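Q: One line per chain: the protein sequences are C and P, in this order.
Going by our numbering, the residue at position 220 of the first sequence is 293; the numbering climbs one at a time, nothing skipped.
Going by our numbering, the residue at position 205 of the second sequence is 266; the numbering climbs one at a time, nothing skipped.
All residues carry an ideal CB built from backbone N, CA and C; glycine is no exception.
None of the values given here were measured: they were computed from a predicted structure.
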Amino acid sequence: MTAKTTILTLPREEHVHPGNRACTGCGLSIAYRIGLKALGPDTILVVPPSCLTVLQGLFPVASTKLPCLNVTFASTAAAATGVMEALKAQGRDHIKVVGWAGDGGTADIGIQALSGAAERGDDFLFMCYDNEGYMNTGVQRSGTTPQGALTANTPFKGKLQQKKDVPAIMAAHGIDYVATASAAYPLDLYDKIKKALCLGGTKYIHIHTPCPPGWGFEPRYSVKLGRLAVETGYYDLYEVERGEFRLTGASEKLLEKRQLVAVAEYLKPQTRFAHLFKPPGHPEIVARLQQLADRNIRRYGLLEETEVGS
Amino acid sequence: MHIIENGNVAAALGVKLAGAQVIAAYPITPQTPLTEKLSELIEAGEMQAQYVPVESEHSALAACIAASSTGARAFTATSANGLLYMHEQIHWAAGARLPIVMCVVNRAVGAPWCIWNDQQDSISQRDTGWIQMYACDHQQIIDGVLKAFSLAEATSIPVMVCYDGFLLSHTYMPFVVPEEEKVARFLKPFKPSYALDPDNPANLNTVTLPDIRMDVTGEMAHGYMEIRYLLQEDLRGALTVAQRIEDEFKAVFGRGGDALLEPYRCDDAEYVVVGMGSLTYQLRDVVETLRGEGLKLGVLGVRLYRPFPDEALAEAVRHTRGVFVIEKAVSYGYEGALCSDVKAALYGRLADGNSGRDDSGDGSNRGRTGGAPFVRGLIAGIGGRDIRTADLTDTLRTAMKGTLPDGPRWIGLKL
């Protein structure tokens with residue numbers, strides 16, 4: 074990888090029109106805008122029903138300047154394969170193919186097709202924007218909703234189960250590139266997409282995208298919350314390139330800083346976690362979420378000499 | 062060139078000749094030898110196409126939908142539960158107006174598991190907006206695949222080529238392999254009306270509103286209802302297009318001719334038996350036997366089930382006394398779907414079946430004058446139950462003598 078992209082070297086050309094239907098403060102809209110800059114104009118997108126379908130506008134209006142195929146919920150990866158194979162048959166395979174799905178369309182209903190494509194090593198990039206729930210249908214739990222989070226169908230106790238680790242599942246397929254990214258660190262995302270596009274086979278990038286209405290926080294704090302997720306070790310930025318794992322960006326910097334924020338600081342500003350703190354609260358769930366972050370940190374070699382929450 | 066091969070190989074050779082560019086499939090009995098043959102042809106370099114061994118039928122059709130949206134000729138094949146697993150995508154392919162061709166190797170659907178032939182699988186997909194053709198022999202399979210691509214691309218509507226599992230898919234029969242230069246004359250290269258293209262970007266199948274809406278140039282764009290109405294209109298129009306393509310095929314290859322219905326000794330028939338697939342050729346033997354007994358029976362094979370050739374069918378049975386519909390599927394809770402369709406085709410076109418006068422004196426309808434023919438539904442061959450020609454003969458003989466009780470009858474049932 075060459076020099077890191079900065080705000081000064083980021084391409085000026087926009088592929089997403091402003092004034093689209095995304096909610097104010099939408100983490101996806103940041104990731105999408107930056108992501109499409111990285112993909113460039115010679116790209117075909119494949120999108121299942123999700124918030125992105127809404128962001129892109131209602132027929133006959135489109136907010137994206139790239140060609141996009143809307144497909145059924147479960148079929149994003151298989152459809153990306155179909156586009157890619159057709160381009161190959163036509164000798165147009167210089168065009169990049171990108172599946173861009175939400176966490177439901179990736180971790181839940183879409184995982185079979187995604188796993189199949191990854192096993193075949195089909196040459197496309199799959200992007201999952203993870204807002205941790207079915208936000209487009211009114212905030213229901215998904216496989217990537219974190220434990221403890223209130224959703225429309227976990228209304229009082231919050232979700233009882235832990236978040237599904239999709240990047241780890243994808244890495245287990247042995248594909249050449251798996252990365253995590255965050256809407257709060259768009260340049261890191263940009264560089265990861267650029268790197269992925271240089272590699273063959275199936276590539277997977279998982280993007281943490283804060284969601285003001287779904288998580289219950291003021292839209293102006295989207296980036297702040299995305300950063301807190303990383304600074305607490307709750308969500309780590311890394312890449313697994315040909316099996317080699319390394320932390321990147323802000324998570325890599327934590328290695329140097331050796332100082333992590335307590336996970337509670339990330340949870341407290343979100344109303345979906347409010348019941349954990351309101352007396353009598355659920356300290357055991359907060360502890361469990363802290364434990365998960367600690368486990369990640371141990372795994373990534375961050376914990377030695379590191380004082381969590383200091 | 063004549064060869065002797067099984068029905069699945071006939072289909073595979075048709076797909077090769079049609080120049081399918083992307084093939085995605087998942088194994089299911091009795092479809093497997095068809096897609097195995099295609100992968101063999103591609104790996105051996107005898108066919109230029111991308112073969113995608115997907116992880117499910119849902120993904121098979123997803124890949125075909127995407128490939129077709131990108132402007133490639135796409136093909137898949139399946140049977141039974143595989144077809145049902147595709148159901149969402151089957152609707153999608155028609156709604157998106159993609160000229161995909163799929164062979165449905167007809168098989169019973171579970172539960173309980175049953176790998177043998179009936180037509181419940183494809184009949185249960187009749188309302189999806191696909192064109193459905195039914196083949197009766199291997200020649201119709203291989204020719205049908207070529208006609209299917211032509212019809213699909215002429216109408217922008219996907220086509221199922223249905224043929225009976227095992228009875229056709231696994232039996233060996235001689236057939237003519239169409240000559241490549243004739244195929245080139247008959248089937249022109251696929252020119253999609255739109256294909257995904259970064260130089261001409263579009264957002265396909267996006268959320269569409271109940272009402273029409275203005276686009277950025279000030280033109281009114283269709284609402285969902287207009288889009289769906291046009292699918293229905295074009296499907297009805299496909300009856301004409303199918304016959305035109307059949308005529309074009311006959312002009313090039315010198316065989317075929319009946320795109321909608323295939324009549325056998327119907328001209329002077331007092332009774333006609335209607336069916337689909339290999340059964341209709343078996344019924345020709347029954348016709349010969351019963352005609353030997355002086356009973357004037359004909360067979361009307363339905364080649365195109367959707368769009369339904371209602372007008373042609375009503376015309377074909379106009380002067381008969383009775384119509385027997387024998388089918389390998391049930392609209393559970395009512396009767397065979399084909400039987401309902403036949404009745405609907407006659408209703409209003411011919412006078413009511415009960416309006417004629419029966420002068421036989423024995424209730425047999427043999428003395429019926431005037432009015433439309435009566436229609437009786439019969440079910441046979443469910444789950445691969447052997448359809449014995451003797452049973453068909455006995456049942457139809459009884460039916461023509463007017464002593465068959467009302468209501469759907471299951472031939473060969475052993476209760």
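Between the stretch 198-211 of chain C and the stretch 168-177 of chain C, do at least 3 Cβ pairs fall closer than 8 Å?
A: Contact between the stretch 198-211 of chain C and the stretch 168-177 of chain C is present, because at least three Cβ pairs lie under 8 Å.
Q: So if DSSP puts C:Y277 in a beta bridge, which residue, or which two residues, is it bridged to?
A: Counting from 1 along the first sequence, the entry for residue 277 of chain C is found at position 204. C:F199, C:V251, per the DSSP bridge assignment.
Q: P:L374: buried (16+ other C-beta within 10 angstroms of its C-beta) or exposed?
A: Here the question's residue 374 of chain P lines up with position 313 in the second sequence. Result: buried.
Q: Given that P:T269 touches chain C, what residues does it touch there, using C-beta distances under 9 Å?
A: As a first step, residue 269 of chain P is located in the second sequence; it is residue number 208 there, counting from the start. The answer, in chain order, is L131, F132, P133.
Q: Look up P:Y146 in the DSSP assignment and say whether it is helix, strand or coil.
A: By 1-based counting over the second sequence, the position of residue 146 of chain P is 85. It is helical.
Q: At a CB distance below 8 Å, what residues from the stretch 94-111 of chain C approach chain P? Give them in sequence order.
A: So nothing in the stretch comes that close.
Q: I'd like to know if C:P140 contacts chain P, where contact means its C-beta is closer than 8 Å to some C-beta of that chain.
A: Mapped onto the first sequence, residue 140 of chain C falls at position 67. So, interface residue.
Q: My output table needs one value for P:G414: the three-state DSSP class, helix, strand or coil.
A: Along the second sequence, one-based indexing puts residue 414 of chain P at 353. With a pLDDT of only 49 at P:G414, under 50, the local geometry of the prediction cannot be trusted, and the value read off the model is given with reservation. Coil, per DSSP.
Q: Taking the alpha-carbon positions, what's the C:A162 to P:A196 distance?
A: As a position in the first sequence, residue 162 of chain C is number 89, starting the count at 1. As a position in the second sequence, residue 196 of chain P is number 135, starting the count at 1. The alpha-carbon atoms of C:A162 and P:A196 are separated by roughly 30 Å.
Q: Using a Cβ cut-off of 7 Å, which residues of the stretch 131-165 of chain P contact any Cβ in chain C, in chain order?
A: So the close ones are T131, G132, A133, E149, Q150, W153.
Q: State the start and end residues of the unbroken alpha helix (DSSP H) segment that holds C:A337.
A: Along the first sequence, one-based indexing puts residue 337 of chain C at 264. Looking at the DSSP string, the run of the alpha helix (DSSP H) that includes C:A337 is 336-340.
Q: Looking at the C-beta of C:V381, does it have a partner C-beta in chain P at a distance below 8 Å?
A: Stepping through the first sequence from its first residue, residue 381 of chain C is reached at position 308. In this predicted model, C:V381 has a pLDDT of only 48, less than 50, meaning its place in the structure is not dependable; the value taken from the coordinates is given anyway. No, its Cβ sits nowhere closer than 8 Å to a Cβ of chain P.
Q: Given that C:T137 touches chain P, what residues does it touch there, using C-beta distances under 9 Å?
A: If you number the first sequence from 1, residue 137 of chain C lands on position 64. The contacting residues are P262, N264.
Q: To the nearest angstrom, how far is the alpha carbon of P:D13 from that of P:G336?
A: The first residue shown for chain P is 62 and the last is 476, placing residue 13 of chain P beyond what the model contains.
Q: What are the start and end residues of the beta strand (DSSP E) that includes P:H17?
A: Look at the range of chain P in this structure, 62 to 476, and you will see that residue 17 of chain P is not part of it.
Q: In whole angstroms, give me the CA-to-CA distance for C:S123 and C:G211.
A: The residue given as residue 123 of chain C occupies position 50 in the first sequence. The residue given as residue 211 of chain C occupies position 138 in the first sequence. Roughly 11 Å between the two C-alpha positions.
Q: Given this structure, state the Cα-to-Cα distance separating C:I80 from C:L142, to the nearest angstrom.
A: Taking the first residue of the first sequence as position 1, residue 80 of chain C is located at position 7. Taking the first residue of the first sequence as position 1, residue 142 of chain C is located at position 69. If you take the alpha carbons of C:I80 and C:L142, they lie about 30 Å apart.
Q: Using DSSP with H/G/I as helix, E/B as strand and the rest coil, what is P:V335?
A: As a position in the second sequence, residue 335 of chain P is number 274, starting the count at 1. Reduced to three states, the DSSP call for P:V335 is strand.
Q: Could you compute how far the alpha carbon of C:G216 sits from the alpha carbon of C:P228?
A: The sequence position of residue 216 of chain C within the first sequence is 143, counting from 1. The sequence position of residue 228 of chain C within the first sequence is 155, counting from 1. If I take the Cα positions, the gap works out to 16 Å.
Q: Chain P partners of C:P240, CB-CB under 7 Å?
A: As a first step, residue 240 of chain C must be located in the first sequence, where it is residue number 167. Going along chain P, no residue has its Cβ under 7 Å from C:P240, so there is no contact; the nearest lies around 20 Å.
Q: Are there 16 or more other CB atoms within 10 angstroms of the CB of C:R85, so buried, or fewer, so exposed?
A: For the purposes of this step, residue 85 of chain C is identified with residue 12 of the first sequence, where counting begins at 1. The residue is exposed, with fewer than 16 neighbouring Cβ atoms inside 10 Å.
Q: Does DSSP classify P:C164 as helix, strand or coil?
A: Start at 1 with the first residue of the second sequence, and residue 164 of chain P comes out as number 103. P:C164: strand per DSSP, three-state reduction.
Q: At what residues does the alpha helix (DSSP H) containing C:A225 begin and finish?
A: By 1-based counting over the first sequence, the position of residue 225 of chain C is 152. No alpha helix (DSSP H) holds C:A225; DSSP gives it neither H nor E.
Q: How would you call P:E214, buried or exposed, if buried means at least 16 neighbouring beta carbons within 10 angstroms?
A: Along the second sequence, read from residue 1 onward, the residue named residue 214 of chain P stands at position 153. Buried, because 16 or more other Cβ atoms sit within 10 Å of the Cβ of P:E214.
Q: How is P:Y224 classed by DSSP in three states: helix, strand or coil?
A: For the purposes of this step, residue 224 of chain P is taken as the residue at position 163 of the second sequence. Strand at P:Y224.
Q: Rounded to a whole number of angstroms, what is the C-alpha to C-alpha distance between P:A405 and P:G279?
A: Position 344 of the second sequence, counted from the first residue, corresponds to residue 405 of chain P. Position 218 of the second sequence, counted from the first residue, corresponds to residue 279 of chain P. Cα-Cα distance, rounded: 43 Å.
Q: I think P:F227 touches P:W174, with their Cβ atoms under 8 Å apart; what is that distance to the nearest whole Å?
A: Here the question's residue 227 of chain P lines up with position 166 in the second sequence. Here the question's residue 174 of chain P lines up with position 113 in the second sequence. The pair is not a contact, with the Cβ atoms about 15 Å apart (cut-off 8 Å).
Q: Using 10 angstroms around the beta-carbon of P:I65, count the other beta-carbons present and answer buried if the total reaches 16, otherwise exposed.
A: As a working note, residue 65 of chain P is residue 4 in the second sequence. Exposed, by the Cβ-count rule.
Q: Between P:H199 and chain B, is there a C-beta pair that is closer than 8 Å?
A: The chain inventory of the structure shown lacks chain B, comprising the protein chains C and P.
Q: Nearest-angstrom Cα distance between P:A96 and P:G80?
A: Here residue 96 of chain P is taken as the residue at index 35 of the second sequence, counted from 1. Here residue 80 of chain P is taken as the residue at index 19 of the second sequence, counted from 1. The sequence shown places Thr at residue 96 of chain P, rather than the Ala named in the question. Roughly 15 Å between the two C-alpha positions.
Q: Could you name the residues of the same chain whose beta carbon sits closer than 6 Å to that of P:I443, not counting the 5 residues immediately before and after it, in chain order?
A: Counting from one through the second sequence, the residue named residue 443 of chain P turns up at place 382. Closer than 6 Å at Cβ, skipping near neighbours: D179.
Q: For C:L139 versus P:P262, is the C-beta spacing smaller than 8 Å?
A: Within the first sequence, the letter at position 66 stands for residue 139 of chain C. Within the second sequence, the letter at position 201 stands for residue 262 of chain P. Yes.
Q: Return the residues of the stretch 261-276 of chain C that lie within a Cβ-Cβ distance of less than 9 Å from chain P, sorted by chain order.
A: The stretch 261-276 of chain C vs chain P, Cβ under 9 Å: nothing.
Q: Among P:Y393, P:R168, P:G171, P:V220, which residue has its Cα nearest to the Cα of P:A209?
A: Along the second sequence, read from residue 1 onward, the residue named residue 209 of chain P stands at position 148. For P:A209, the nearest C-alpha among the options comes from P:V220.
Q: For P:S120, return the contacting residues in chain C, with the cut-off set at a CB-CB distance below 7 Å.
A: Your numbering for residue 120 of chain P matches position 59 in the second sequence. Residues of chain C passing the Cβ test: S148, A151, A186, G189.
Q: Nearest to C:V296 by alpha carbon, out of C:D195, C:I358, C:P342?
A: Taking the first sequence and counting its residues from 1, one reaches residue 296 of chain C at position 223. The shortest Cα separation from C:V296 among C:D195, C:I358, C:P342 belongs to C:P342.
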